[in-house]
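Residue numbers for the sequence shown follow my numbering, beginning at 97 and rising by one.
C-beta: ideal position from N, C-alpha, C; glycine also.
Treat the numbers as computed from the prediction; the structure is a model and nothing was measured.
Structure record follows, encoded as structure tokens.
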Amino acid sequence: MTFENTLAYAKSLDEKDPLAKYRDEFNFPEVNGKQVIYFTGNSLGLQPKRAVEYVNEVMKDWGALAVEGHFYAEKPWWDYHERLSEPLSRIVGAKSSEITVMNTLTVNLHLLMTTFYRPTASKYKIICEEKAFPSDQYLIQSQVRLHGLDPKETIIELKKRPGEHNFRLEDILEKIDEVGEEIALVLIGGLNYYTGQVFDIKTITAHAHQYGAKVGWDLAHAAGNIALKLHEWNVDFAAWCSYKYMNAGPGSVSGCFIHERYHTDKDLIRLAGWWGHNKERRFLMEKKFDAVESAHGWQISNPSILSLAPYLASIEMFDEVGMEALITKQREITAYLEFIMEDVAKAVNANYELITPKKETERGSQLSVFLHGKGKDLFSYLMNEGVIVDWREPNVVRLAPVPFYTSYEDIYRFGEILKKADSLF
Ligand SMILES: Cc1ncc(COP(=O)(O)O)c(C=O)c1O
């Protein structure tokens, strides 16, 4: 693609953009009375206006119906969570029976590990990536201790080569071969939160399955961002949060995928609760647990409807547009951002080092950039100028142009603001 760094060109891309009209579906914060340029949808997505409507509907039903809302609300609460399975299944490439929505991400990974990490004396090791998102590190360490094992002997971290920013597929496969039959579980973040690297989920899953290992994915940064085919790729389980690319609001409820081959196995160990019990018999208050024969069988508590409502509003928008159109724009607008940053760096002789892979199939919306010699001053300047970016120690900004609401003009204007920065420090 050949791009130009001009306002007219950026505007021409916006005019051709079939998703441009969705920008107006979101509420933007303001800085100094001006709408911000929002690059932190990888952390917390903007608020969809429809989410406000959906939450208000629940509040209205609660006020008007109280307990009767479980059955007579506009969207009855007792099986509200089931409404999300179908649209979510299209976002992550699954059968709708393989999707449920409950709790929050780390909690769900704990619950799924309870089922899928069943160590034995000879098969107990867990492979994960080095410097995984801290919550995943704590999750894995604590699960290992729960089974009375030593994290140092049990957790095998995948390493990058010295001086390289990204993991190499061949190194990952080699490590799986090396640990072999001792692997009980492979659990990796599908899109690395720091560098933005996408892992080859299909190949890694198939490779670890050869050794009888279970394979799970933390898709916090991948769901709603990149193309996923969880069912076809034979993934055992996955979970993601809804508040990043899926715009469901702070701390909103998490999605889970559990492959259908596990749905009818009543002997699987799981932490159970009444919401996972046979739907028709749930209110008979029976003694014996009888799991729903789908991913909903992993539900425990009656879910927060106030958290499901904004998620439903948001994923209905995904359904209107389709992942294909979102990914097409994601690739183009991310490439435009990369071009603008390179163009500015050349113009002002700055050293911005991209640590995200350059190949469009190996990254999503996020570009992570080392700001050599600029660091936190530049970050603070951008925030004051109304460019909301994300800072990660020691010296990285993460920028996520989000197809639903980032415009090409945003990217151009960001470039102009970045250029001005050079004369300031
Ligand atoms: C990759 C990854 N895993 C796990 C988490 C933790 O999510 P939660 O606090 O919803 O459990 C996050 C949060 O940003 C994340 O980015």
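- Separation of the CB atoms of V240 and V282 is rounded to 14 Å, and the pair is thereby denied contact status at 8 Å.
- Per the DSSP secondary-structure output, E126 pairs in a beta bridge with Q131.
- Per the C-alpha coordinates, the member of P497, T452, D439 positioned closest to T102 is D439.
- Distance from the Cα of N204 is smallest, within the candidate group V465, E458, A391, for A391.
- Nearest Cα to I268 within the set T502, N330, E253, E277: E253.
- Excluding sequence positions up to five before and after I507, its CB lies within less than 6 Å of the CB of Y432, L433, I436, all in the same chain and listed in chain order.
- Taking the Cα positions, E126 is about 49 Å away from R214.
- Closest option to A344, judged by alpha-carbon separation, among V148, H261, P247: V148.
- For V151, the closest of S410, F475, P406, L467 by C-alpha to C-alpha distance is P406.
- Taking 8 Å as the cut-off, the beta carbon of A309 is found no closer than this to the beta carbon of A335.
- Counting along the chain, the unbroken alpha helix (DSSP H) around G159 starts and ends at 145–161.
- If you check the C-beta of A316 against ligand 1, you find a heavy atom less than 7 Å away.
- Within the same chain, and ignoring the five residues on either side of T299 in sequence, the residues whose Cβ sits closer than 8 Å to its Cβ are L265, L269.
- T430 is not a Cβ neighbour of P346, given a cutoff of 8 Å.
- Excluding the 5 residues flanking it on each side, E389 has same chain C-beta neighbours closer than 6 Å at H359, T360, in chain order.
- Where M479 is concerned, the enclosing alpha helix (DSSP H) starts and stops at 471–480.
- Inclusion of P399 and M198 in the CB contact set at 8 Å is warranted, their separation being smaller than that value.
- Taking Y448 as reference, the option from V465, E458, G460 with the minimal CA-CA separation is V465.
- Relative to ligand 1, F295 has its C-beta separated by 7 Å or more from all heavy atoms.
- I401 and S338 have their C-alpha atoms spaced approximately 14 Å apart.
- Each residue's CA atom was taken as its position, placing W370 and A316 some 27 Å apart.
- Following the DSSP letters along the chain, one finds G418 in no beta strand (DSSP E), marked with neither H nor E.
- Contact between I513 and E481 is confirmed by a C-beta separation of about 5 Å, below the 8 Å threshold.
- In the pairwise beta carbon analysis, the region 184–192 is classified as touching the region 319–334: at least three pairs are separated by under 8 Å.
- Relative to the Cα of P490, the nearest Cα in the group V483, H305, F475, N445 belongs to F475.
- Cβ contact annotation for G372 (same chain, cutoff 8 Å, sequence separation greater than five): R366, F385, A387, V388, H392, G393, W394, Q395, I396, in chain order.
- The count of Cβ pairs closer than 8 Å, one atom from the region 372–381 and one from the region 104–112, stays below three, leaving the stretches out of contact.
- Assignment of E100 by DSSP, reduced to helix, strand and coil, places it in the coil class.
- Measuring C-alpha to C-alpha distances from S403 to each of S218, Y176, P183, R257 identifies Y176 as the nearest.
- Annotation note: the region 182–218 contains the following uninterrupted alpha helix (DSSP H) runs of length 4 or greater, listed N- to C-terminal: 201–212.
- Between K362 and the set K454, N374, E226, the nearest pair of CA atoms involves N374.
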